[in-house]
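Participant: In our numbering, the protein residues as written are 38 to 630.
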Amino acid sequence: MAAEAVRVVDRPVAAAILRAALELGYTPLQARIIAGRLSDADVAKLPALLNLQLSGLTPPDLLPDIDIASECIVSAIKQGLPILLISDFDADGASAHAVLKFAFRDYFGVPEARIHSYIGHRLRDGYGVTETLTDRIIAEAPHPALIITADQGSTDHERIARLRDHGFTVIVTDHHGVPADGPPPAAVACVNPVREDSAFPDPYIAGVQVAWLLCCAVRQRLIQDGHLPVSAPKLGALLDLVALGTMADCVNLARSTNNKAIIARGLAIMNAPAARPAWQALYVATNCKGPITAATLAFSFAPVINARGRLDSALGSVDLLMSDSVPVAEGLALHFVEHNTERKAVQSNMLQRSAKQAVQQVRDGAAAITIFDPEGHAGVHGICAARLAESFGRPVAYFSPKAEGEHITASLRTVHGFHVRDALAEIAGRYPDDFIAWGGHAGAGGVTLKRDGLRRFAEAWASIAASALRDQRAGPEIVTDGPLEVAPSFAVVEELAVLEPFGRQWEHPVFRSHGRIEQVRPVGDGRHLKLVVKIDATGYDAIWFGAVENGVCPVEVGQTVLMAYELDVNTFRDTTTLQLRIRHMALVGDQPV
């Protein structure tokens with residue numbers, strides 16, 4: 038799909054981090070992996086960044102407005118006020134919604150009849166506390182009532198003001214960027230770690246973790262006020278939900294002192310014999326093998342949860358996560374897998390249509406890509422933008438007409454060195470009359486524009502990218518950890534597993550090597566390849582997903598290739614074997630430098 042050849046490049050290794058990791062007792066290979074994901078500026082907090090113990094979690098009392106929010110919630114609980122939960126439609130939002138509802142119902146004693154759930158529809162409402170969602174709440178929700186947002190709300194002052202004026206008290210919990218003029222003043226509290234006045238030292242946590250931390254603070258306040266006993270259960274049992282939302286939202290795992298520990302604990306809960314019905318159901322529905330890992334969450338569970346919110350109401354995702362019946366959860370999970378299959382078909386068609394635009398823009402020298410797809414599905418914008426950004430090595434904004442009205446809407450994804458929200462803020466500052474709504478963070482964002490603002494947006498998007506990325510070589514690349522100095526083996530897999538969980542900015546190790554193709558055959562739907570690749574004198578089984586494009590097999594038996602690969606284990610019929618998961622292959626002599 039890319040207009041340019043993929044470069045294979047090695048990660049730079051931070052010397053101070055390498056030495057510090059060796060001093061902490063990590064093996065040379067482990068230390069090298071660590072030093073490829075951090076910079077020397079991180080050396081002082083290296084032990085904290087590598088700590089997977091829950092005792093190292095940052096306490097909630099450092100979050101801005103946490104005392105105001107918890108006091109307000111405790112007051113609402115004591116008064117018997119209705120509690121309205123509003124969350125984003127993605128997996129982070131759905132997990133946060135479930136965490137809040139579980140906490141209020143099962144830990145704080147709020148009757149379920151007093152808890153009301155609202156999630157905006159991606160197509161009809163769009164992201165955030167939108168006008169249509171606000172209209173619906175005002176028309177049908179009981180009030181006075183307390184509203185708590187999850188994974189949204191920081192940029193929605195006007196709608197929050199309307200809710201306030203109709204008798205609703207609003208608390209915002211979020212992790213997205215806050216406007217330059219501050220959090221929404223109509224909210225009584227905005228609990229968000231990225232606020233400029235935040236003392237919380239970890240700005241990388243997901244929205245679900247913000248919601249969970251608020252619940253921890255509420256529990257403590259209820260105990261202090263005598264509403265709960267000192268022995269009241271802690272909220273650690275909800276960390277499986279926090280882990281799902283954290284992995285799904287692709288937040289930074291490298292520089293967060295909390296995210297890896299949260300995911301590690303969540304995975305332990307998911308793999309326990311009495312795991313939540315949702316995990317049992319998703320495990321079966323997605324044909325998982327072996328233990329649930331961070332990769333399982335990222336590539337199996339999260340896409341299925343996200344697919345529901347992409348194509349339909351995300352309230353069903355909350356129902357799955359909160360189900361207490363395995364058969365019911367299995368029925369929901371299988372239905373969501375069907376949604377995910379539908380999403381893949383929509384995505385494939387959108388990528389085929391948009392690739393031509395992307396190729397032409399790259400040939401014209403654009404530093405960032407803007408797609409306008411008249412037939413695009415807003416629920417699949419983000420995935421398509423991410424795939425195009427990876428394929429073309431440039432930031433991407435993927436636009437389609439909004440389902441209702443005359444506006445256009447987009448999801449934006451980026452490459453290293455380009456901050457999406459900062460770019461959006463700059464463009465909105467230049468052309469404020471073009472913008473209906475926008476928001477995001479460093480790695481991703483969303484925007485709704487007036488249709489005639491598209492050309493101005495595209496020009497500004499490309500101009501800002503050209504400036505921000507002027508010292509980087511444009512184009513797609515595969516980043517590796519260099520050659521593996523020893524032969525691939527189960528022992529190496531176990532050595533690398535010490536550094537789990539892997540995720541965004543703390544990527545699974547990728548190695549490069551020359552090899553010879555010994556066997557190759559298509560599998561699955563014909564787009565994937567099973568291979569035997571000889572490295573030195575040893576042949577290794579390998580799998581290359583999505584290798585075949587337009588029916589063309591990229592390699593043949595007997596060819597010598599430069600390949601980038603991960604070490605993987607494959608379990609089939611109770612037999613586990615070592616295999617290479619191919620990320621990229623290029624014929625020797627064709628690889629750009």
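Built from N, CA and C at the ideal position, the CB exists for glycine as well.
(1) Taking buried to mean at least 16 other C-beta atoms within 10 Å of its own C-beta, is Pro546 buried or exposed?
(2) Report yes or no: do three or more beta-carbon pairs, one from the region 585–595 and one from the region 303–318, lie closer than 8 Å?
(3) With a threshold of 7 Å on Cβ separation, who are the neighbours of Leu278 within its own chain once the five nearest residues in sequence on each side are excluded?
(4) Taking 7 Å as the cut-off, is the C-beta of Phe205 nearer than that to any heavy atom in the ligand ADP?
(5) Can you tell me the Cα-Cα spacing of Thr192 and Val166, whole angstroms?
(6) Can you give me the C-alpha to C-alpha distance between Gln628 and Phe429, rounded to a whole angstrom?
(7) Can you tell me the Cβ-Cβ gap for Tyr241 and Asn308, rounded? I've got them flagged as a contact below 8 Å.
(8) What is the rounded straight-line gap between the Cα of Trp475 and the Cα of Ala534?
(9) What are the complete beta strand (DSSP E) segments, minimum 3 residues, inside the region 559–618?
(10) Is Ala574 buried or exposed, if buried means 16 or more other CB atoms sit within 10 Å of its CB?
(11) When you compare only the Cα positions, how much space is there between Asp489 and Gly483?
(12) Here's the rule I'm using: 16 or more other beta-carbon atoms within 10 Å means buried, otherwise exposed. How should Asn324 be labelled?
(13) So for Val355, helix, strand or coil by DSSP?
(14) Between Arg549, Val557 and Leu66, which has its C-alpha nearest Tyr602's C-alpha?
(15) Quick check on the DSSP output: the beta strand (DSSP E) that includes Tyr320 runs from which residue to which?
(16) What three-state label does DSSP hand Lys297 in the structure shown?
(17) Under the rule that 16 or more other beta-carbon atoms within 10 Å means buried, what is Leu55, buried or exposed?
(18) By Cβ distance below 8 Å, which residues in the same chain neighbour Val630 in space, the five residues on each side in sequence not counted?
(19) Going by C-alpha to C-alpha distance, which of Gln116, Thr206, His212 and Gln394 sits closest to Arg458?
(20) Taking C-alpha atoms, which residue in Thr333, Ala113, Val569 and Ala178 lies nearest to Glu537?
(21) Here's the rule I'm using: 16 or more other beta-carbon atoms within 10 Å means buried, otherwise exposed. How should Ala236 be labelled?
(22) Can you find the residues in the same chain that come closer than 8 Å, C-beta to C-beta, to Leu461, ignoring five residues on each side of it along the sequence?
(23) For the candidate residues Leu369, Val50 and Leu183, whose alpha-carbon lies nearest to that of Ala113?
(24) What residue from Ala623, Lys393 and Val433 has the CA that sits closest to Phe455's CA?
(25) Could you tell me the boundaries of the beta strand (DSSP E) in which Thr171 lies?
(26) Mapping DSSP to helix, strand and coil, what is Ser124?
(27) Where does Pro96 fall in DSSP's three states?
(28) Going by Cα to Cα distance, which pick from Gly263, Asn377 and Val396 is closest to Lys115?
(29) Can you round the beta-carbon distance between Val111 and Arg201 to whole angstroms, since I take them to be within the 8 Å contact cut?
(30) One question on the structure: do Asp471 and Arg507 come within less than 8 Å of each other, judged by their Cβ atoms?
(31) Taking Arg400 and Ala502 to be in contact with their CB atoms under 8 Å, please state how far apart those CB atoms are, rounded to whole angstroms.
(32) Whole angstroms is fine: what's the gap from Ser337's alpha carbon to Glu367's?
(33) Do you know offhand how far Leu94's Cα is from Leu624's?
(34) Please tell me whether Ala57 and Leu83 are closer than 8 Å, where the distance is taken between their beta carbons.
Facilitator: If we stick to the structure as given:
(1) For the purposes of this step, residue 546 is taken as the residue at position 509 of the sequence shown. Burial call: buried.
(2) no
(3) The residue you call residue 278 lines up with position 241 of the sequence shown. The answer, listed in chain order, is Ser132, Ala135, Val136, Val245 and Leu358.
(4) Questions concerning the ligand ADP fall outside what the structure shown contains, since it holds no ligand whatsoever.
(5) Here residue 192 refers to the residue found at position 155 when the sequence shown is read from its first residue. Here residue 166 refers to the residue found at position 129 when the sequence shown is read from its first residue. One C-alpha to the other measures close to 9 Å.
(6) As a first step, residue 628 must be located in the sequence shown, where it is residue number 591. As a first step, residue 429 must be located in the sequence shown, where it is residue number 392. Its pLDDT being 48, under 50, Gln628 is placed unreliably in this model, and the value from its coordinates should be taken loosely. Their Cα atoms are separated by approximately 16 Å.
(7) Here residue 241 corresponds to residue number 204 of the sequence shown, with the count starting at 1. Here residue 308 corresponds to residue number 271 of the sequence shown, with the count starting at 1. No, Tyr241 and Asn308 are not in contact; Cβ-Cβ is about 25 Å, not under 8 Å.
(8) Here residue 475 refers to the residue found at position 438 when the sequence shown is read from its first residue. Here residue 534 refers to the residue found at position 497 when the sequence shown is read from its first residue. Each residue's alpha carbon lies about 39 Å from the other.
(9) 565–572, 575–581 and 597–609
(10) Here residue 574 is taken as the residue at index 537 of the sequence shown, counted from 1. By the 10 Å Cβ count, Ala574 comes out exposed.
(11) For the purposes of this step, residue 489 is identified with residue 452 of the sequence shown, where counting begins at 1. For the purposes of this step, residue 483 is identified with residue 446 of the sequence shown, where counting begins at 1. Cα to Cα, the separation comes out at about 17 Å.
(12) Translated into the one-based positions of the sequence shown, residue 324 becomes position 287. Classification for Asn324: exposed.
(13) The sequence position of residue 355 within the sequence shown is 318, counting from 1. Correct three-state label for Val355: helix.
(14) Taking the first residue of the sequence shown as position 1, residue 602 is located at position 565. Measuring from the Cα of Tyr602, the nearest candidate turns out to be Arg549.
(15) Against the sequence shown, residue 320 aligns to sequence position 283. Here Tyr320 belongs to no beta strand (DSSP E); instead the alpha helix (DSSP H) covers Pro314 to Ala322.
(16) In the sequence shown, the residue the question calls residue 297 occupies position 260. Three-state result, Lys297: helix.
(17) The count along the sequence shown starts at 1 and reaches residue 55 at position 18. Buried, because 16 or more other Cβ atoms sit within 10 Å of the Cβ of Leu55.
(18) Translated into the one-based positions of the sequence shown, residue 630 becomes position 593. Caution applies to Val630, whose pLDDT of 39 falls short of 50 and renders its modelled position unreliable; the model cannot decide the point.
(19) Taking the sequence shown and counting its residues from 1, one reaches residue 458 at position 421. Closest option to Arg458, Cα to Cα, is His212.
(20) As a first step, residue 537 must be located in the sequence shown, where it is residue number 500. Closest by alpha carbon: Thr333.
(21) For the purposes of this step, residue 236 is identified with residue 199 of the sequence shown, where counting begins at 1. Counting Cβ neighbours within 10 Å, Ala236 comes out exposed, since fewer than 16 surround it.
(22) Taking the sequence shown and counting its residues from 1, the one referred to as residue 461 is at position 424. Excluding positions up to five away in sequence, the list reads Leu449, Trp475, Gly476, Gly477, Gly482 and Val484.
(23) Taking the sequence shown and counting its residues from 1, the one referred to as residue 113 is at position 76. When each option's Cα is compared against that of Ala113, the closest is Leu183.
(24) As a first step, residue 455 is located in the sequence shown; it is residue number 418 there, counting from the start. Nearest of Ala623, Lys393 and Val433 to Phe455, Cα basis: Val433.
(25) Within the sequence shown, residue 171 is the residue found at index 134, counting from 1. Per DSSP, Thr171 belongs to no beta strand (DSSP E); it is in the alpha helix (DSSP H), Glu168 to Glu177.
(26) Numbered from its first residue, the sequence shown carries residue 124 at position 87. If DSSP states are grouped into helix, strand and coil, Ser124 belongs with the strands.
(27) One-based indexing of the sequence shown puts residue 96 at position 59. If DSSP states are grouped into helix, strand and coil, Pro96 belongs with coil.
(28) One-based indexing of the sequence shown puts residue 115 at position 78. Cα-wise, what sits closest to Lys115 is Gly263.
(29) The count along the sequence shown starts at 1 and reaches residue 111 at position 74. The count along the sequence shown starts at 1 and reaches residue 201 at position 164. 20 Å between Cβ atoms; not a contact.
(30) Translated into positions along the sequence shown, residue 471 becomes position 434. Translated into positions along the sequence shown, residue 507 becomes position 470. For Asp471 and Arg507, no; Cβs fall outside 8 Å.
(31) As a first step, residue 400 is located in the sequence shown; it is residue number 363 there, counting from the start. As a first step, residue 502 is located in the sequence shown; it is residue number 465 there, counting from the start. That pair is no contact at about 16 Å.
(32) Numbered from its first residue, the sequence shown carries residue 337 at position 300. Numbered from its first residue, the sequence shown carries residue 367 at position 330. Answer to the nearest angstrom: the Cα atoms are 15 Å apart.
(33) If you number the sequence shown from 1, residue 94 lands on position 57. If you number the sequence shown from 1, residue 624 lands on position 587. About 47 Å.
(34) Taking the first residue of the sequence shown as position 1, residue 57 is located at position 20. Taking the first residue of the sequence shown as position 1, residue 83 is located at position 46. Contact: yes.
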